[in-house]
Amino acid sequence: MDTKHIRNFSIVAHIDHGKSTLADRMLEITGTITEREAKEQLLDSMELERERGITIKASAVTMNYEYEGEGYMLNLIDTPGHVDFHYEVSRALAACEGALLVVDASQGVEAQTVANAYLAIETGNELLGVINKIDLPAAQPDVVAEEIEHVLGISRGECFEISAKSGLGIEELISAVIELLPPPEDKGDRKTQALIFDSICDDYRGVICFIRVFSGSLKTRQKIRFMGTGRNYIITELGKMTPRMAPVDEIGCGEVGYLVANIRNLADVTVGDTITNDNDPAQEPLPGYHKPMQMVFSDFYPGNNTDYPKLRAAFDKLAMNDSSFSFAAQSSPALGFGFRCGFLGLLHMEIVQERLEREHNIEVIQTAPTVSYEVKTNDGAVKRIDSPSMLPDPSHIDELREPFVKLEIITGVDTIGGIMKLAEGRRCKLLKTDYLSKTRVMLEYKAPLAEIVYDFYDVLKGVSHGYATMDYEFTGYEKSNLVKIDILVNKIPVDALSLIVHRTNAEARGRRLIIKLRRSIDRHQFEIPLQVAIGGKIIARETIKAFRKDVTSKLYGGDVTRKMKVLKKQKEGKKRMKSVGSVQIPQKAFMSILDTSD
Amino acid sequence: MNAAMLGLYVHIPFCQSKCRYCAFYSEVVCERDTVEVVSAILRDMERYDVGDVETVYIGGGSPSCLPREELYSIVDFVSVNCGKVTEFSVEVNPGQVDEEFLKGLFDRGVNRLSIGAQSFDNSELEFIGRRHDSAAIEKAFDLARAAGFGNISIDLIFAIPGSTIEMFGRSLDRAISLGSEHVSAYSLSIEPSTPFGRAQVEGEIVKVDETADRAMYEMAIDRLGEAGIVQYEISNFARCGFECRHNLGCWANDPYIGVGPAASSYYNGVRFSNVADVAAYVDGIGGGESVIAESHRPDTKEVACETAVVNLRRRKGIVLDEFKSRTGFDLLDIFGDIVERFVRNGMIVHDDAAGRVYLSKIALPIADTVICEFANF
Chain A
1 MDTKHIRNFS IVAHIDHGKS TLADRMLEIT GTITEREAKE QLLDSMELER
51 ERGITIKASA VTMNYEYEGE GYMLNLIDTP GHVDFHYEVS RALAACEGAL
101 LVVDASQGVE AQTVANAYLA IETGNELLGV INKIDLPAAQ PDVVAEEIEH
151 VLGISRGECF EISAKSGLGI EELISAVIEL LPPPEDKGDR KTQALIFDSI
201 CDDYRGVICF IRVFSGSLKT RQKIRFMGTG RNYIITELGK MTPRMAPVDE
251 IGCGEVGYLV ANIRNLADVT VGDTITNDND PAQEPLPGYH KPMQMVFSDF
301 YPGNNTDYPK LRAAFDKLAM NDSSFSFAAQ SSPALGFGFR CGFLGLLHME
351 IVQERLEREH NIEVIQTAPT VSYEVKTNDG AVKRIDSPSM LPDPSHIDEL
401 REPFVKLEII TGVDTIGGIM KLAEGRRCKL LKTDYLSKTR VMLEYKAPLA
451 EIVYDFYDVL KGVSHGYATM DYEFTGYEKS NLVKIDILVN KIPVDALSLI
501 VHRTNAEARG RRLIIKLRRS IDRHQFEIPL QVAIGGKIIA RETIKAFRKD
551 VTSKLYGGDV TRKMKVLKKQ KEGKKRMKSV GSVQIPQKAF MSILDTSD
Chain B
1001 MNAAMLGLYV HIPFCQSKCR YCAFYSEVVC ERDTVEVVSA ILRDMERYDV
1051 GDVETVYIGG GSPSCLPREE LYSIVDFVSV NCGKVTEFSV EVNPGQVDEE
1101 FLKGLFDRGV NRLSIGAQSF DNSELEFIGR RHDSAAIEKA FDLARAAGFG
1151 NISIDLIFAI PGSTIEMFGR SLDRAISLGS EHVSAYSLSI EPSTPFGRAQ
1201 VEGEIVKVDE TADRAMYEMA IDRLGEAGIV QYEISNFARC GFECRHNLGC
1251 WANDPYIGVG PAASSYYNGV RFSNVADVAA YVDGIGGGES VIAESHRPDT
1301 KEVACETAVV NLRRRKGIVL DEFKSRTGFD LLDIFGDIVE RFVRNGMIVH
1351 DDAAGRVYLS KIALPIADTV ICEFANF
């Protein structure tokens, strides 16, 4: 198809601002799907995604639409909805020429919308402002238009007012996509360059890549090369998602579709990589490619030691479907055999954890998430460490560096005080304050990632009564005054409880942790000291008092059956504990670091 | 080797008044016609082959609150029908006895008396709702001796809210100086269904803290032991040869017949208990029907676990040969790991030469945490 008749676009929106509903409505109006099919929200494929109201995997749908007597191919590319998937979002946006910026008329601009809108601009997209849910009683389209104008420079007169739910204004919006968004450049005669913007693993076909052809074209049975990884494949199937898979023989310049090439392992495909013709390769790959960066790490141990092989099999399967997730065998004196896992962010970690329990039915003990640090040792070498236990002896450390992010928070002006206090307590440095409107403000901070991954978002939601939204972007590693704190249970250091923290927070964090531990470890027959140590020096202590009395005073014939039940229950309660020395530590104790309540 | 021995327990479901801590099934005596209940109990006993019974225990409730002739009729039934009895105990409330009554019991074959003293401190007695004072206990004891009883037990309760270690020490001393052969000392357990339970929820009474409770318990073990009244079970102490044979049967996991409302039995391999309602019991027995409310036949594994659990309450613990012959299981085959673990932390002693596994002294105050490990396998 002539590139002039192609439009590639995405929808950028905050969770619940109506992205999926709008997509469904467009599919309906263009006749791509029926109303009944729309109910199933085709763009979100996994059960988990729908429940959490987020989209984990991007995919693309091709809509064929007649406008003013001419046929158009509209490719709607879905973007992941969370900050953890920043890189994937950027690749999906790179596959488009335009983006619909959807804002809820009753909620206003949120941090994530801003972040993704900026990302769309950075990747060369033309933006269309869309105000959704204008039929809600609480809708304030004028205020929202003002915010959009202020933050993103889209004039308030240019915003489209729609209701995706009722269908109001959707046809006009589709017309605007054709009229106002630019078509792809016609580079069909150049050497082939196609961007992989997403991939999924299918049980029957192996890996399915979602691609956008920027120059040249792709044909079935063509020999192709992945420029980033250097691997070669033969294309076995090309097609469009309509939204079902519809095979085609060729995907031309400017078009979007899927590709199957007998690729077994998802790890062999990297989002952002460029595909070229192996017999006539392009000189350069498309710009912007890098490997996804794992920012958060956590240890997973099977709740039951015999589940170790089961856990490994589950991780194998998860890694097949999620190239951003990694795992490596790890063992801890306290917790036995388990795995060190890497994630893009905290939400990504929670998703993996939920899938483990839901799809694989394995209970896990998980240690506190930690970020990846850089250590410069005395000999000048710099290495990345993602577990406190990997930290060399302090005498060998020349410098410790931690990752920093640019953090954006959008909130109501009435909650700004609480948020600033929170940010200050988390070592965040205020860079910019920007009033979006009379009532809403955007705060920009430089923040240590470690302070953000921990529990920042939950606390932020609390202090802002649920209104504040945030987004962050990794900016780089910087030297920091960090220390490792060890937790000693009955004088024995428990490696799985160690933390790397800023020196100024060490005592408070350590104390908070042992108070939580004190509450979650049952009393024993002896007193158990809980201590926080930095390099052998104890900085805080709590004590779990011994229990003194636990015996049934009267037990005669008539009580035996009842007592046996009680004793069995008591015995069951002791299970699912890990022994450290002579102390039984329940699973919940290891989770207490994650627990944000006081 | 101890062969299994059959016991008989008679539950008298009446009290003069209900004590504030008591969770046992009983009704207030004056509100009930006791005659029909006692005749139901007699008919209940007739249903069993009681000729092999070796130990008898009449408890409650307060057996001593029954009209004398009625209690005597039960005692007489036992004396006539149970020819092999070696120990025959009756529980009495010190406020309900006189010379004639006690003489009557003794003459009819009762050879052991258990006096529900609970405390020798009058303020404590009043607090827990007893109707007698400490002088009444001493008087009852003297009358019992005079009536001929050479085997008298005294029940004590410690860790009563407001109690101190000194107060309990004085009660122990009085029990010792009276010269009793046997003492049972129970830590007060506050059950939710009792007036004490409700008062605790309301914050009107505060439980004695664990450390003091434990100190009182350890004091009982030490002080009674020094006086020659040696601990032989978690809560029971006796001069040598005066251990309660009836209850030793329970802790050996021997069979016993229980008659009366709410009484439990372990008979022909089945554990069952009678309906906890006087009227239903009387009607059931009268109509020739079953009065069993609940029953359960433990399987061989359950029997082994029950045996281990009750045996461990004895200071002599589990006798390995006896355990094997009774349950068919070798204790160390089924619980070897657990025994070894507790031996290592000093909670259990495994006396290889004597073939016994028993709780160490430090395990006694926290025995349930050890014993619960034997509750299943």
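From first to last, the protein sequence lines stand for chains A and B. All residue numbers in the first sequence are consecutive under the numbering used here, ending with 598. All residue numbers in the second sequence are consecutive under the numbering used here, ending with 1377. Glycine residues also receive a C-beta, built at the ideal position from the N, C-alpha and C atoms.
Which chain A residues sit within Cβ distance under 8 Å of Ser1064 of chain B?
By Cβ distance, chain A contributes nothing, its closest Cβ being about 19 Å from Ser1064 of chain B, past 8 Å.
Of the residues B:His1350, B:Arg1271, B:Pro1255, which one's Cα is nearest the Cα of Ala1262 of chain B?
B:Arg1271
Give me the Cα-Cα distance between Met1001 of chain B and Pro1298 of chain B, rounded to the nearest whole angstrom.
For Met1001 of chain B, the predicted model reports a pLDDT of 40, less than 50, meaning its position is unreliable and no value from the coordinates is stated.
Throw me the rounded Cβ distance for the Ala496 of chain A and Phe590 of chain A pair, which I believe falls under 8 Å.
6 Å
For Val1075 of chain B and Arg1108 of chain B, believed in contact at Cβ under 8 Å, the rounded distance:
4 Å
Contact criterion: CB-CB distance below 8 Å. Does Ser1379 of chain B meet it with respect to chain A?
With chain B covering only 1001 through 1377, there is no way to say anything about residue 1379 of chain B.
Would you say Ala546 of chain A and His524 of chain A are within 8 Å of each other, going by their C-beta atoms?
Yes; because the gap between Cβ atoms is below 8 Å, this pair is in contact.
With a threshold of 8 Å between beta carbons, is Thr561 of chain A in contact with chain B?
yes
Could you please tell me which residues of the stretch 1039-1061 of chain B, in chain order, have their CB closer than 7 Å to any CB of chain A?
So the list is empty, because no residue satisfies the distance condition.
Kindly say whether Ala1375 of chain B, judged by its beta-carbon, lies nearer than 8 Å to any beta-carbon of chain A.
yes
Residues in its own chain within less than 8 Å of Ser199 of chain A by CB, not counting five upstream and five downstream?
Val207, Ile208, Cys209, Phe210, Leu266, Val269, Val271, Ser323
If you draw a straight line from the C-alpha of Leu1364 of chain B to the C-alpha of Asn1151 of chain B, how long is it?
When rounded, the distance between both Cα atoms is 26 Å.
What are the residues that DSSP puts in a beta bridge with Cys1244 of chain B?
Paired residue(s): none; Cys1244 of chain B is not in a bridge.
Who are the Cβ neighbours of Met349 of chain A in its own chain at under 7 Å, not counting the five residues just before and after it?
Val296, Ser298, Phe343, Pro369
Could you say if the stretch 511-526 of chain A and the stretch 152-172 of chain A meet the contact criterion of at least three C-beta pairs nearer than 8 Å?
No, the stretch 511-526 of chain A is not in contact with the stretch 152-172 of chain A.
So, helix, strand or coil for Glu473 of chain A, using DSSP?
strand
Cα-Cα separation, Ile300 of chain A to Gly338 of chain A:
For the record, residue 300 of chain A in the displayed sequence is Phe; it is not Ile. If you take the alpha carbons of Phe300 of chain A and Gly338 of chain A, they lie about 6 Å apart.
Inter-residue Cα distance where the pair is Glu424 of chain A and Tyr289 of chain A
35 Å
How would you write the range of the beta strand (DSSP E) that Tyr373 of chain A sits in, first residue to last?
373-377
So Ile1234 of chain B contacts chain A; which residues on that side make the cut at Cβ distance below 8 Å?
Near Ile1234 of chain B (Cβ distances below 8 Å), the residues of chain A are Val551, Thr552, Ser553, Leu555.
Buried or exposed: where does Ile246 of chain A fall if 16 or more other Cβ atoms within 10 Å of its Cβ makes it buried?
According to the sequence as given, residue 246 of chain A is Ala; it is not Ile. By the neighbour-count rule (16 or more Cβ atoms within 10 Å), Ala246 of chain A is not buried but exposed.
8 Å Cβ cutoff met for Leu1156 of chain B and Ala1175 of chain B:
yes
With DSSP as the reference, label Glu478 of chain A as helix, strand or coil.
strand
Which of helix, strand or coil does DSSP assign to Leu530 of chain A?
Secondary structure of Leu530 of chain A (DSSP, three-state): strand.
Starting from Thr1369 of chain B, trace the alpha helix (DSSP H) both ways and give me its first and last residue.
1367-1371
Taking the alpha carbon of Ala261 of chain A as the reference point, which residue from A:Glu237, A:Arg244, A:Met241 has its own alpha carbon closest?
A:Glu237
Decide if the stretch 1297-1314 of chain B is in contact with the stretch 1217-1230 of chain B; the criterion is three or more beta carbon pairs, one per stretch, under 8 Å apart.
When Cβ pairs closer than 8 Å are counted between the two stretches, the stretch 1297-1314 of chain B is seen not to touch the stretch 1217-1230 of chain B, the count staying below three.
Consider the Cβ of Gly558 of chain A: report whether some Cβ of chain B lies at a distance smaller than 8 Å.
yes
Rounded C-beta distance between Ile174 of chain A and Met26 of chain A? I'm assuming under 8 Å.
Indeed, because the Cβ distance is near 6 Å, the residues count as touching under 8 Å.
Through-space distance from Arg190 of chain A to Gly53 of chain A, alpha-carbon basis:
Note that Gly53 of chain A scores 37 on pLDDT, short of 50, meaning its location in the model is unreliable; the coordinates nonetheless yield the value given after this. So the two alpha carbons sit approximately 41 Å from each other.
To the nearest angstrom, how far is the alpha carbon of Ala1003 of chain B from that of Asn1081 of chain B?
Each residue's alpha carbon lies about 22 Å from the other.
Mind listing the chain A neighbours of Glu1210 of chain B? Cutoff is C-beta to C-beta under 7 Å, in chain order.
Phe547, Arg548, Lys549
For my contact list, Ala612 of chain A and Thr123 of chain A are in at a C-beta cut-off of 8 Å; report their separation, rounded to the angstrom.
This structure gives no information on residue 612 of chain A, because the portion of chain A shown stretches from 1 to 598.
Residue-level contact to chain A via CB, Ser1264 of chain B, 8 Å cutoff:
yes
Kindly give me the distance between the Cβ atoms of Arg1356 of chain B and Gly1328 of chain B, rounded to whole angstroms, as I take these residues to be in contact under 8 Å.
Incorrect: roughly 19 Å between the Cβ atoms, too far for contact.
So Glu408 of chain A packs on Val371 of chain A, CB below 8 Å; how close in whole Å?
Rounded, the Cβ-Cβ distance is 19 Å, inconsistent with contact.
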